[in-house]
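Participant:
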Amino acid sequence: MKPSVVLFLWTLILAAWIFISANPIAVGEQTLPPLGTFFSPYDGFWQNAESDADFKNLELNHPTLNGKVEVVMDDRMVPHIFAENDNDAAFAQGYMHARLRLFQLDIASRAISGRLSEILGSRTLDHDKQIRREGIVWGAEKTLERYQKDPESMQLIQAYTDGINYYIQNLDCRQLPLEFKLLGYQPEEWTLLKCVLTSKSMARTLTTKNYDIQNSNLISEIGDSLFQFLFPHAQPGQSPVHPGPFNGLKNNVLPTSQESPVYGYNNPFPPQDEQQAFASNNWAVSGKKSTTGNPILCNDPHLQLTFPSIWIENHIVTPEKNVYGVSLLGVPHIIIGFNEYIAWGITNGGHDVVDYLEVKWASPDKKKYQLDNETVDTEFRIETIGIKGQQSLIDTVRYTRWGPVAITSEESGKGDLVFRWSGNDAKSERELLTFFLLNKAKNLQEYLDAMSVFPSPIQNVVFASRDGDIALKSQGFWPLRSNMSGQFISDAAKSGSSWLHYLDNSQLPVTINPERQFVSSANQHSTDDTYPYVYVGVFEEFRGRTLNKKLEEKALLSPLDMAAIQNSNYSLKAEEALPALLLLMQNADLTASQQSALESLKTWDYDYSAQSPAPAIFNEWFNAIEKLTFDETIREKPSQTRLPDQWKLVELINDLQDHSVFDIYETAGKKESLKDIAMQAFQKACESVFVDSQNISDITWNAHQNPAINHLLRIPALSRKIKVGGIPDALNAMSATHGPSWRMIIELTPTGPKALGVYPGGQSGNPGSKYYDDSVDTWSEGKHHELHLYTNAAAVEKALFTIKMNKL
Amino acid sequence: MKTFIAGMLTLALCTWLTSKYFAWYAPVFPAILIGYVMNWKSGKAFLSGFLAGFLLYSIVSFIIDVSNHHILSTRIGQLFSGISGIVLILFTGIIGGILVGSSAAVGAALKHFIHSKR
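Okay, here's the thing in structure tokens:
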């Protein structure tokens, strides 16, 4: 062969190999990272394989710092930050959050600003579009503008931002987190706006479960009478967060009349996942109800379980505080935790703080709209949504005084719908200081003072102090509603259609040192009907009733009892529904496997334990009954309507077995009762459960529910199945994807706290680190880690390495 | 044989040095040079370069993998259809081998081409 040909061929091979190695490779719907960079032991994923040799002491200097900081990493990779002032502590916290979770910071800020498609392509376009339409960035910009009037807030988030950016700027591209290498992009500079945006991210998660569109469709479908029957404001026999009565408060709002809204809307956004189960428990018992004589406080917020975890553990010591707990990525301070004097924990209020309103345009070009008797100019915001590998999408979003038009008339099939959300409002420039103040609070009054500036969403914040006080305040932006408005799409042209104000601090419900010697919350209704201010929302009553029952039934409770309560898989719903259902199955004609399923239910203790078959059968049975019972509500467009709360079905099962709601809509001429439905549903349940085997001993709840902790990018290789029991209505509120994201038990002794805590994950966001998932087994077994408030760097036990930070 | 081994070790050394301090494709340049300097046919140059790149990439990734207790290789293996850590290391070696081998072959072929012109 001619030398020229040989040279040409080898050059071609080399060029082709470099091209292949430098570019992502599409395989079906998946895209593989560039082979050359990804597999190079010097640049690629191998560099993310962490070893003990990586745990080296480090020293850095930065002009933001005013003093010296020492960060000691313990044997679970928890940073213990010892700083001479609060700003330096915030810098160190930002630096450590970036060091441990940079990809999570980046993707979280992209998700909440509608910029995921820039790195993930068109598959996240609907999400980005929804975020832009909801005006989240617009709201965050307004909020930041307001916060900038408070120098103390700004200094803290500036220092936190500087800490993150220092890490990014000094990051060797070879040490980029694995996910950046997989997706082929670089981290961006962190900003103050991103701090505000990520603080709103949790607010959005917890408050945008809204049924205005579904309710509007439903009431037109089933009529007002059945709607009111199936969706009453409150459950009889509920056990609210604040027992009341609230005789001292008066409603000063005049009811306004509402015109009947029109119905039949499409919702273009993805339907809400009913299994999401954003739930939480918290409670505190006084010294009089504790075996140790000291107050004990517990909290387990139930959120999506992910790798990395939504939480990160931190310990921060400054001359003014010594505080330990978990933080959210993107904002400084401790969100749930304890210091030497107090402990606090949070559950979601569940209040509806979103309204959809239909706009009445005053001009065909939609440049003006009507509000009361005025014609108001529409404002416009051009949203450019970048899409990886494609041309950007331009979306012009119209803004009214209520907020942005989130759903256009083309999408809804009717009018343009405005999205009104409390999270887009800011009341005080000091809102960001809530947790800063709470972190250093020493007593009940300082807790209440810190709470007074807490913004959206409405949260139940439990408190206990070593002084012996316990308290629980429901705090946040609580809309002052004139009537039950907020349940349906209403008329944007009338200012009385949505809330105009929020309740004052003095009007919010609070319980302090009650006679029953405990305070508690588990996402149930906040108050009984003596509370004068109307509110609507999505509440879970079974768990709250279970928790209060467990706290009441024992005179004295120990820390061990608290752990047992947190890990309890007992279902009150099952106990209240199953006996009546089993009576209906007497003399039923069943196959051998169906008979074995029925027998397992007869001996079931209502505990959703991982290895038991009965929970799988009951769960499928109950869900099948629910679908057959409420077929009227979901027959047209399942994703555009909703099911009643489950307590309503339990009430019907026990008290109203011949109610017309049990009649199956499609079988005209035949009237079914609960008994007919129960049999049909049982057969369906058995079909769902006996898939791979007809033998009941092969069935387990865990295998059926199949819970997992998924990586943020939902990559199975970076995710993990978990062997746990539980169900959202039990105290151990597990679903397939959500569960107790942090379990904490704090006993406030006179000499300081005895603290336990664990979350399902690990401190490191790096899948190549042993600290990526090292706490999962401890958490799965229902155990906790001991948490310590070390007073100085030298006292930290089992230290791995130290990072010293100095003023430049 | 001695020349072959010496050339291969030189290629491995240069690949190691350039990879350590420059981008992943940097070993291309010294490998072309070495392929040119050595009096190899292009096939032999490829073999020498391939072995150098393969051994270097796989030994380095093996050392990293052992000190990482196979945590990451197990996860990345699952990402690529469930392959084992050892297969992942061999695959890494092949990536390095082709890069260095084809570069050395280009160097050798270039030399033959220039000589043929003279």
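Protein sequences, first through last, are from chains G and S. The numbering used here applies: residue 1 is where the first sequence begins, and numbers increase by one. The numbering used here applies: residue 1001 is where the second sequence begins, and numbers increase by one. From the three backbone atoms N, C-alpha and C, an ideal C-beta is built for every residue, glycine too.
For Ile803/G, which residues from the same chain have a beta carbon less than 6 Å from its beta carbon, with the 5 sequence-adjacent residues on both sides left out?
Facilitator: Counting only Cβ-Cβ distances below 6 Å, and skipping sequence neighbours, we find Leu58, Val71.
Participant: Would you say Ala1109/S lies against chain G (beta-carbon separation less than 8 Å)?
Facilitator: Yes, Ala1109/S counts as interfacial toward chain G.
Participant: What's the gap between the Cα of Leu183/G and the Cα of Pro34/G?
Facilitator: Their Cα atoms are separated by approximately 10 Å.
Participant: Just how far apart, CA to CA, sit Asp128/G and Trp138/G?
Facilitator: When rounded, the distance between both Cα atoms is 14 Å.
Participant: Going by C-alpha to C-alpha distance, which of Asn170/G, Leu197/G, Gly114/G, Leu556/G sits closest to Leu147/G?
Facilitator: In the sequence on display, residue 147/G carries Tyr and not Leu. Of the candidates Asn170/G, Leu197/G, Gly114/G, Leu556/G, the one whose C-alpha sits nearest the C-alpha of Tyr147/G is Leu197/G.
Participant: For Asp663/G, which residues in the same chain have their Cβ closer than 7 Å to its Cβ, ignoring the five residues on either side in sequence?
Facilitator: Lys671, Glu672, listed in sequence order.
Participant: Tell whether a beta-carbon distance below 8 Å holds between Leu178/G and Phe45/G.
Facilitator: Yes, Cβ-Cβ distance for Leu178/G and Phe45/G is below 8 Å.
Participant: For Asp491/G and Asp528/G, I'd like the C-alpha separation in whole angstroms.
Facilitator: Distance between the alpha carbons of Asp491/G and Asp528/G is about 29 Å.
Participant: How many angstroms separate the CA atom of Gly1097/S from the CA atom of Asn792/G?
Facilitator: Gly1097/S and Asn792/G: Cα-Cα distance of roughly 52 Å.
Participant: For the region 5 to 20 of chain G, which residues have a beta carbon sitting closer than 7 Å to at least one beta carbon of chain S?
Facilitator: Result list: Val6, Leu7, Trp10, Thr11, Ile13, Leu14, Trp17, Ile18.
Participant: When burial is assigned at 16 or more other CB atoms within 10 Å of the CB, is Gly739/G buried or exposed?
Facilitator: Buried, by the Cβ-count rule.
Participant: Is the Cβ of Phe1091/S closer than 8 Å to any Cβ of chain G?
Facilitator: Phe1091/S counts as touching chain G.
Participant: Determine, using beta carbons only, whether Ser1042/S comes closer than 8 Å to chain G.
Facilitator: Interface residue, yes.
Participant: CA-CA distance, Trp604/G and Gln640/G?
Facilitator: Using only the alpha carbons, I get a separation of about 36 Å.
Participant: Restricting to Cα atoms, I'd like to know which of Ser422/G, Tyr447/G, Val241/G, Tyr771/G is closest to Lys209/G.
Facilitator: Cα-wise, what sits closest to Lys209/G is Ser422/G.
Participant: Starting from Val285/G, follow its DSSP beta bridges and name the residues at the other end.
Facilitator: Paired residue(s): Ile296/G, Phe518/G.
Participant: Any beta carbon of chain G sitting closer than 8 Å to that of Ile1034/S?
Facilitator: False, the Cβ-Cβ gap to chain G never drops below 8 Å.
Participant: Please report how far the alpha carbon of Gln595/G lies from the alpha carbon of His784/G, in whole angstroms.
Facilitator: Going from the Cα of Gln595/G to the Cα of His784/G covers about 40 Å.
Participant: Ile168/G and Pro187/G look like a contact to me (Cβ under 8 Å); what is the Cβ gap, rounded to whole Å?
Facilitator: With 8 Å as the limit, Ile168/G and Pro187/G qualify as a contact, their Cβ atoms being about 5 Å apart.
Participant: Given Tyr1036/S, which residues of its chain have a CB within under 8 Å of its CB, disregarding the five upstream and five downstream residues?
Facilitator: Result list for Tyr1036/S: Gly1107, Ala1108, Leu1110, Lys1111, in chain order.
Participant: To the nearest angstrom, how far is it from the Cα of Val418/G to the Cα of Ile213/G?
Facilitator: Using only the alpha carbons, I get a separation of about 12 Å.
Participant: Are the C-beta atoms of Phe45/G and some chain S residue less than 8 Å apart?
Facilitator: Yes, because at least one Cβ of chain S sits closer than 8 Å to the Cβ of Phe45/G.
Participant: If we define contact as Cβ-Cβ less than 8 Å, is Ser1084/S a contact residue for chain G?
Facilitator: Closer than 8 Å: no.
Participant: Suppose you measure from the CA of Ile334/G to the CA of Val376/G; what does that come to, to the nearest Å?
Facilitator: For Ile334/G and Val376/G, the distance between alpha carbons rounds to 43 Å.
Participant: Hey, does Phe945/S have any beta-carbon neighbour from chain G nearer than 8 Å?
Facilitator: The structure shown does not extend to residue 945/S, since chain S is modelled only from 1001 through 1118, so no value can be given for it.
Participant: Does the beta-carbon distance from Asp774/G to Arg76/G come in below 8 Å?
Facilitator: Contact: yes.
Participant: Does the beta-carbon distance from Gly67/G to Lys807/G come in below 8 Å?
Facilitator: The answer is yes: Cβ separation under 8 Å.
Participant: For Thr347/G and Ser220/G, which I take to be in contact (beta-carbon distance under 8 Å), what is that distance rounded to the nearest angstrom?
Facilitator: So it is not a contact: roughly 34 Å between Cβ atoms.
Participant: Tell me whether the region 691 to 704 of chain G and the region 609 to 629 of chain G touch, counting them as touching only if at least three CB pairs, one residue from each stretch, are closer than 8 Å.
Facilitator: Judged by Cβ distances under 8 Å, the region 691 to 704 of chain G makes contact with the region 609 to 629 of chain G, as three or more pairs qualify.
Participant: Answer with buried or exposed for Gln275/G, where buried requires no fewer than 16 other C-beta atoms within 10 angstroms of its C-beta.
Facilitator: Its pLDDT being 48, under 50, Gln275/G is placed unreliably by the model, and the measurement read from it follows with that caveat. By the neighbour-count rule (16 or more Cβ atoms within 10 Å), Gln275/G is not buried but exposed.
Participant: Does Pro707/G come out as helix, strand or coil in the three-state DSSP assignment?
Facilitator: Pro707/G: coil per DSSP, three-state reduction.
Participant: Mind checking which residues open and close the alpha helix (DSSP H) that includes Asp773/G?
Facilitator: Neither: Asp773/G is in no alpha helix (DSSP H) and is coded neither H nor E.
Participant: Quick one: what's got a C-beta closer than 6 Å to Met1001/S's C-beta in the same chain, skipping five residues either side?
Facilitator: Taken in chain order, the list of residues that qualify is empty.
Participant: Report the residue from Asn567/G, Ile81/G, Asp86/G whose alpha carbon sits nearest the alpha carbon of His97/G.
Facilitator: Ranking the options by Cα distance to His97/G, first place goes to Ile81/G.
Participant: Check the Cβ-Cβ distances between Ser1048/S and every residue of chain G, and say whether any is below 8 Å.
Facilitator: Taking Cβ atoms only, chain G never reaches closer than 8 Å to Ser1048/S, which makes this a no.
Participant: Report the residues of the region 1010 to 1035 of chain S with a CB closer than 8 Å to any CB of chain G, ordered along the chain.
Facilitator: Flagged, chain order: Ser1019, Lys1020, Ala1023, Trp1024, Tyr1025, Val1028.
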